[in-house]
Amino acid sequence: MKKAPALMNKRMTCVSLLASALLAVLPGVSQAQAPLQEITYLLPAPGTLPAFGPWMLAQAKGYYKAEGLDVKFVAARGGVDVAKQVGAGNAVIGGAIGDTPIIARAQGIPVKSVAVLGSGSLAQLVSHKDERIESPRELKGKTVTVISYTDTTYYALLGMLSKVGLTKNDVNIQAAGPAGVWQQFAAKKAVAMAGVPDWTATAMEAGAQVDILPADVYFKSMAQAILASDETIQKNPQLIQKLVRATLKGMKDIMVNPKEATIAYVQHVPAHKGKEANIQNVFEMYNKYVYANQKVLGQMDEVRLAELQKFYVSNGVVPKEAAPKDLYTNQFVGGK
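Take 10 as the starting number for the sequence shown in our numbering and just add one per residue.
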């Protein structure tokens, strides 16, 4: 009778070992994985635009999922709207431009850039090759299209003009909307446009022969950025780290092999099926003009940001300067 407890313990051990073995080999009874955390990620425009290649690739290749996240992309009405929604807590993360916190902070919106996707400017001055525009100085008295008078590409154009002694009054700047900005240019109703690689590639596809002058040759505007609120950065830095890390992996894929990235991207965004050559051209322009030469992927250049803010203040876009440290943090980049 005294041996019964020992015998019972042995039987329980055997049952436990058998259960563990079954869990290991039978997928149907495997230990339940922690459910993915659902995240709403605000983008400043529809996610189908090639500009959002890094985000779509991060989703397509499972980089967000590997971080335990189920990311849903929702389009807002531009970068400042994204900042407002993120600052109000309606979303934990959003996309904009590295410049956006300058405008947002001036409006009392508590957001920061937590990563910048490239060392270059998203904006380009794109002109017709036969116009031989070698400098913004040669735009005097000529027509240039922009998407709107409140977009960062417009401010980049003003910044370029200021560096050669011109103002908006010296150039016929036409706000043509998201389609008209490149359509009017391609139709030669404008000698140039202040655009982004997506529009440049589309204009080229429509037959335009172009010269491209990156804005940051004259004016150090910025690339796309990831925005988060002060509150989320403070209370949930692990979540921001996961989102930044996954998104930068998507950017890295485009940098390493734009051809392979194009294939994966088009499979994930079938609206571009049959337009692979155009998408690869866009990705290669991002590599050349926007992503390249960033010493640490995602890192904000504080000196550049401070100079950019001075321009916004001097041109009356914002009333006063904020402390640069209030506009960004680099704590989530650098291979952490």
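For glycine and all other residues, C-beta sits at the position ideal for the given N, C-alpha and C. Since the structure is predicted, the reported quantities are computational estimates derived from the model, not experimental observations.
* With DSSP collapsed to three states, give me the class of Val322. => Under the three-state reduction of DSSP output, Val322 falls in the helix class.
* Answer yes or no: do Ala124 and Phe320 have a C-beta to C-beta separation smaller than 8 Å? => Their beta carbons are not under 8 Å apart, which means Ala124 does not touch Phe320 by this criterion.
* **Nonlocal neighbours in the same chain, by C-beta distance under 8 Å from His281, ignoring five residues either side** => Around His281, the same chain offers Thr57, Pro59, Tyr274, Val275, Asn287 and Ile288 as residues with beta carbons nearer than 8 Å, after the five sequence neighbours per side are excluded.
* Asked: Across which residues does DSSP place Pro223 in a beta bridge pair?
  -> DSSP lists Gln133 as the bridge partner or partners of Pro223.
* **For Glu311, the residue or residues it bridges with in DSSP** => Partner(s): none; Glu311 has no beta bridge.
* **Nearest-angstrom Cα separation, counted from Glu285 out to Ala224** => Each residue's alpha carbon lies about 27 Å from the other.
* To do: Leaving aside the five residues before and after Ile221 along the sequence, list all residues of the same chain whose C-beta is less than 6 Å from its C-beta, in chain order.
  => Hits under 6 Å: Gln133 and Val135.
* To do: With distances taken Cα to Cα, identify the nearest neighbour of Ala330 among Ile102, Val80, Leu166 and Ile111.
  => Ala is not the amino acid found at residue 330; the sequence shown has Glu there. Nearest C-alpha to Glu330 among Ile102, Val80, Leu166 and Ile111: Ile111.
* **Same chain, Cβ closer than 6 Å to Thr211, neighbours up to 5 away in sequence not counted** => Exclusion of the five residues before and after Thr211 leaves Trp191 as the residues of its chain whose Cβ lies within less than 6 Å of its Cβ.
* Hey, Ala199 and Gln183: beta-carbon distance below 8 Å or not? -> Their beta carbons are under 8 Å apart, which means Ala199 touches Gln183 by this criterion.
* **Beta-carbon proximity list for Val120, same chain, < 6 Å, skipping 5 on both sides** => The residues are Ala92, Val95, Gly96, Pro110, Ala113, Leu236 and Ser238.
* What beta strand (DSSP E) runs, 3 residues minimum, are completely inside the segment 57-118? -> Counting only runs of 3 or more, we get 78-84 and 102-106.
* Do Gly62 and Val299 have their C-beta atoms closer together than 8 Å? -> Contact flag unset, no.
* Per the contact definition of three or more C-beta pairs closer than 8 Å, is the segment 295-310 in contact with the segment 263-274? -> Taking 8 Å as the limit for Cβ pairs, the verdict is that the segment 295-310 does touch the segment 263-274.
* **Assumed close pair Leu52, Ala85 - CB separation to whole angstroms, cut-off 8 Å** => With a Cβ gap of about 7 Å, Leu52 and Ala85 count as contacting.
* **Terminal residues of the beta strand (DSSP E) in which Tyr50 lies** => It spans Gln46 to Leu52 - the beta strand (DSSP E) in which Tyr50 sits, taken as one unbroken run.
* To do: Mind checking who Arg201 pairs with in its DSSP beta bridge?
  => Per the sequence presented here, residue 201 reads as Ala, with Arg not at that position. Per DSSP, the beta-bridge partners of Ala201 are Ser136 and Val153.
* Starting from Asn181, trace the alpha helix (DSSP H) both ways and give me its first and last residue. => Run containing Asn181: none in the alpha helix (DSSP H); it sits in the beta strand (DSSP E), Asn181 to Ala184.
* What is the DSSP secondary structure of Lys121, counted as helix, strand or coil? -> In the structure shown, Lys121 adopts extended strand secondary structure according to DSSP, grouped into three states.
* Asked: With DSSP run on the structure shown, which of helix, strand or coil describes Ala128?
  -> For the record, residue 128 in the displayed sequence is Ser; it is not Ala. DSSP places Ser128 in coil when its eight states are reduced to three.
* For Ala315 versus Tyr73, is the C-beta distance shorter than 8 Å? -> Against a cut-off of 8 Å, the Cβ pair of Tyr73 and Ala315 comes out as no contact.
* Kindly indicate which residue of Thr241, Pro279, Gln250 and Thr271 has the alpha-carbon position closest to the one of Asn363. => Because the chain is modelled from 10 through 345, residue 363 falls outside the range shown and cannot be assessed.
* Asked: Taking Asp179 as the reference, which of Lys149, Asp90, Ala270 and Pro328 has the closest Cα?
  -> Of Lys149, Asp90, Ala270 and Pro328, the residue nearest in Cα terms is Lys149.
* To do: State the DSSP-derived secondary structure class of Tyr337, mapped to helix, strand or coil.
  => Of the three classes helix, strand and coil, the one that applies to Tyr337 here is strand, per DSSP.
* **Cα-Cα separation, Ala54 to Ala196** => Counting only the Cα atoms, Ala196 lies some 24 Å from Ala54.
* Can you grab the Cα-Cα spacing for the pair Lys244 / Lys138, in whole Å? => Straight-line measurement puts the Cα of Lys138 at about 51 Å from the Cα of Lys244.
* For Gly103, which residues from the same chain have a beta carbon less than 6 Å from its beta carbon, with the 5 sequence-adjacent residues on both sides left out? -> If the five residues before and after Gly103 are omitted, its C-beta is found closer than 6 Å to the C-beta atoms of Leu51, Val91, Val95 and Leu236, all from its own chain and listed in chain order.
* Residues near Ala33 in its chain [Cβ-Cβ closer than 7 Å; skip 5 each side] -> Confidence is the limiting factor: at Ala33 the pLDDT is only 44, short of 50, which leaves the residue's position unreliable and the question unanswerable from this model.
* Closest by CA to Val173, which one among Gly204, Arg146 and Leu66? -> Taking only the C-alpha atoms, the option nearest Val173 is Arg146.
* Asked: How big is the Cα-Cα spacing for Pro279 and Phe82?
  -> Annotation: Pro279 to Phe82 spans about 16 Å, alpha carbon to alpha carbon.
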